[in-house]
Amino acid sequence: MGAIKHFLQFKDFSREEFDYLFARAAWIKKEFKAYRQYWPLVDRTLVMIFEKASTRTRLSFEAGMHQLGGAAIYLNTRDSQLGRGEPVEDAAEVISRMCDIVMIRTYEQTILERFAAHSRVPVINGLTNEYHPCQVLADIFTFIEHRGPIQGKTVAWIGDSNNMCKTWLQAAEVLDFRVRVSSPPGYEVSASEAGLTGTGHFELFTDPMEAARGADLVTTDVWTSMGFEAENEARLQAFKDWQVDQEMMRVAKPDALFMHCLPAHRGEEVTAEVIDGPQSVVWDEAENRLHTQKALLEYLVLGRVKD
Ligand code: CP
Ligand code: NVA
């Protein structure tokens with residue numbers, strides 16, 4: 011048996027693989043919108059394991075698997091043996107004998123890696139403390155739909171150097187664009203934490219306005235991610251000048267897009283005027299989770315296919 015392909019972090023795939031996935035996602039989306047049935051995954055099963063809350067990730071994977079003709083099973087740590095101390099390795103051995111692909115949302119990336127190392131089937135990262143590759147896959151597909159290729163473009167990341175930020179940094183290396191990051195003191199990202207091989211695709215700014223200046227895309231995320239709730243009060247103080255508002259959008263390119271993976275907190279990391287305004291593409295991002303993940307499921311289960 012050859013090595014199993016997993017999607018545990020963005021850099022697990024090459025640029026050429028992403029080009030393939032974006033093209034497949036566009037075709038799958040077009041067929042779905044035209045009500046043409048496409049069932050390549052009949053009799054195939056996705057198991058989804060959630061250790062953290064989710065709306066979009068669960069819905070897009072579950073609906074997507076059904077739309078491809080397969081089945082999706084939801085497990086969480088509250089009402090399965092996963093929350094009662096069964097070793098991750100044992101769970102991986104058992105679960106992967108009963109399905110064709112697994113998606114996991116958990117805390118540390120190492121949990122996901124241990125599961126994948128003992129899985130007979132592909133494993134997808136549905137969000138960890140470190141990375142959220144499925145979201146950035148959808149976000150870049152959304153950028154391409156609105157503005158064409160992302161290569162050579164400039165993305166401004168404003169706020170926490172969290173799982174989304176680190177994934178954008180990996181994507182910049184793989185797909186050759188730039189990310190300008192501004193985080194409050196003490197919350198800055200480092201290249202090694204993001205798992206980068208070089209430093210050539212990102213730049214750090216102390217002033218968020220400078221990071222946004224001239225950007226093709228301005229993006230942000232919650233100040234307190236899941237698992238960090240105990241830090242919420244301190245973060246509300248530290249991040250208050252890192253809000254994306256209309257003034258910040260004005261220094262970006264005139265046709266700059268605004269993105270947010272959602273859920274959002276209006277009045278904290280972004281103003282209502284921006285997220286509900288004309289430059290915002292947040293609903294397209296959310297919808298594209300469905301189409302891009304259908305392409306991802308097809309690719310990981312079946313390999314490359316022709317239309
Ligand atoms: N953006 C995202 O992953 O949303 P959920 O937490 O609702 O899955
Ligand atoms: N950074 C956020 C993303 C939620 C989809 C979190 O990890 O909670």
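Residues in the sequence shown are numbered from 11 upward in steps of one, following this note's numbering.
Backbone N, C-alpha and C fix where the C-beta goes; we use that ideal spot for every residue, glycine too.
Quantities reported herein were computed from a predicted structural model and do not represent experimental measurements.
For residue 256, I'd like the list of residues in its chain whose CB is within less than 8 Å of its CB, leaving aside the five on either flank, ordered along the chain. Here residue 256 corresponds to residue number 246 of the sequence shown, with the count starting at 1. If we look at residue 256 and ignore the five residues flanking it on each side, its Cβ neighbours are 281, 283, 284 and 287.
Quick one, are the C-beta atoms of residue 173 and residue 140 less than 7 Å apart? Along the sequence shown, read from residue 1 onward, the residue named residue 173 stands at position 163. Along the sequence shown, read from residue 1 onward, the residue named residue 140 stands at position 130. Residue 173 places its beta carbon less than 7 Å from that of residue 140.
Mind the definition here: the segment 248–255 touches the segment 192–200 only if three or more C-beta pairs lie below 8 Å; say whether that holds. Yes, the segment 248–255 is in contact with the segment 192–200.
Is any heavy atom of the ligand CP found at a distance shorter than 6 Å from the C-beta of residue 175? Residue mapping note: residue 175 aligns to position 165 of the sequence shown, counting from 1. Every heavy atom of the ligand CP is 6 Å or more from the Cβ of residue 175, so no.
Using a threshold of 6 Å, is the CB atom of residue 235 nearer than that to any non-hydrogen atom of the ligand CP? Numbered from 1 along the sequence shown, position 225 holds the residue referred to as residue 235. Within the chosen limit of 6 Å, the ligand CP does not reach the beta carbon of residue 235 with any heavy atom.
Quick one: what's residue 81 bridged to in DSSP? As a position in the sequence shown, residue 81 is number 71, starting the count at 1. Under DSSP, residue 81 forms a beta bridge with 55.
Taking residue 188 as part of the alpha helix (DSSP H), name the residues at either end of that continuous run. Taking the sequence shown and counting its residues from 1, the one referred to as residue 188 is at position 178. Annotation for residue 188: no alpha helix (DSSP H) segment contains it, though the beta strand (DSSP E) segment containing it runs 188–192.
Locate the alpha helix (DSSP H) running through residue 302, then write down its first and last residues. As a first step, residue 302 is located in the sequence shown; it is residue number 292 there, counting from the start. First-last of the alpha helix (DSSP H) with residue 302: 292–312.
Do the segment 261–274 and the segment 213–226 meet, that is, are 3 or more Cβ pairs less than 8 Å apart? With contact defined as three or more Cβ pairs closer than 8 Å, the segment 261–274 and the segment 213–226 are in contact.
What's the C-alpha gap between residue 116 and residue 180? Counting from 1 along the sequence shown, the entry for residue 116 is found at position 106. Counting from 1 along the sequence shown, the entry for residue 180 is found at position 170. Taking the straight line joining both Cα atoms gives about 20 Å.
With H, G and I counted as helix, E and B as strand and the rest as coil, what does DSSP make of residue 230? Taking the sequence shown and counting its residues from 1, the one referred to as residue 230 is at position 220. Strand at residue 230.
Can you name, in chain order, every residue of its own chain whose Cβ lies under 7 Å from the Cβ of residue 102, other than the five neighbours on each side? Within the sequence shown, numbered from 1, the residue matching residue 102 stands at position 92. If we look at residue 102 and ignore the five residues flanking it on each side, its Cβ neighbours are 125, 128 and 129.
Among residues of its own chain, excluding the 5 on either side of residue 323, which ones have a beta-carbon nearer than 6 Å to its beta-carbon? The chain is shown only over 11 to 317; residue 323 falls outside these bounds and no answer can be derived.
In the DSSP assignment, find the unbroken alpha helix (DSSP H) run with residue 173 in it and report its ends. Here residue 173 refers to the residue found at position 163 when the sequence shown is read from its first residue. Segment 173–185, the alpha helix (DSSP H) holding residue 173.
Closest to residue 97 by C-alpha separation, out of 112, 111, 122 and 76, would be which residue? Here residue 97 refers to the residue found at position 87 of the sequence shown. Scanning 112, 111, 122 and 76 for the CA closest to the CA of residue 97 turns up 122.
Once you ignore the five residues that flank residue 215 on each side, which residues in its own chain have a CB closer than 8 Å to its CB? Along the sequence shown, one-based indexing puts residue 215 at 205. Cβ within range, chain order: 190, 191, 192 and 221.
For residue 53, which of 269, 238, 111 and 188 has the nearest alpha-carbon? Numbered from its first residue, the sequence shown carries residue 53 at position 43. Ranked by how close their Cα comes to the Cα of residue 53, the residues 269, 238, 111 and 188 have 111 in first place.
Check: residue 242 C-beta below 6 Å from any heavy atom of the ligand NVA: Residue mapping note: residue 242 aligns to position 232 of the sequence shown, counting from 1. Residue 242 Cβ: outside cutoff for every heavy atom of the ligand NVA.
Figure out for me which residue from 48, 17, 169 and 186 has the closest Cα to the Cα of residue 25. For the purposes of this step, residue 25 is taken as the residue at position 15 of the sequence shown. Out of 48, 17, 169 and 186, 186 has the C-alpha closest to the C-alpha of residue 25.
Can you tell me which of the three DSSP states residue 14 falls into? Position 4 of the sequence shown holds residue 14. Under the three-state reduction of DSSP, residue 14 is assigned to coil, being neither helix nor strand.
Since residue 314 and residue 66 are thought to touch, with beta carbons under 8 Å apart, how far apart are those beta carbons, to the nearest angstrom? Within the sequence shown, residue 314 is the residue found at index 304, counting from 1. Within the sequence shown, residue 66 is the residue found at index 56, counting from 1. Cβ atoms of residue 314 and residue 66 stay farther apart than 8 Å, at about 27 Å.
Contacts around residue 91, its chain only, beta-carbon distance under 8 Å, and the 5 residues preceding and following it disregarded: For this step, residue 91 is matched to residue 81 along the sequence shown. Taking C-beta separations shorter than 8 Å and ignoring five residues to either side along the sequence, the partners of residue 91 in its chain run 101, following chain order.
Out of 138, 134 and 165, point me to the one whose CA is closest to residue 149's CA. The count along the sequence shown starts at 1 and reaches residue 149 at position 139. Of 138, 134 and 165, the residue nearest in Cα terms is 165.
Three-way DSSP call (helix, strand, coil) for residue 156 in this model: In the sequence shown, the residue the question calls residue 156 occupies position 146. It is helical.
Helix, strand or coil for residue 214, going by three-state DSSP, please let me know. Residue numbering aside, residue 214 sits at position 204 when the sequence shown is read from its first letter. DSSP places residue 214 in strand when its eight states are reduced to three.
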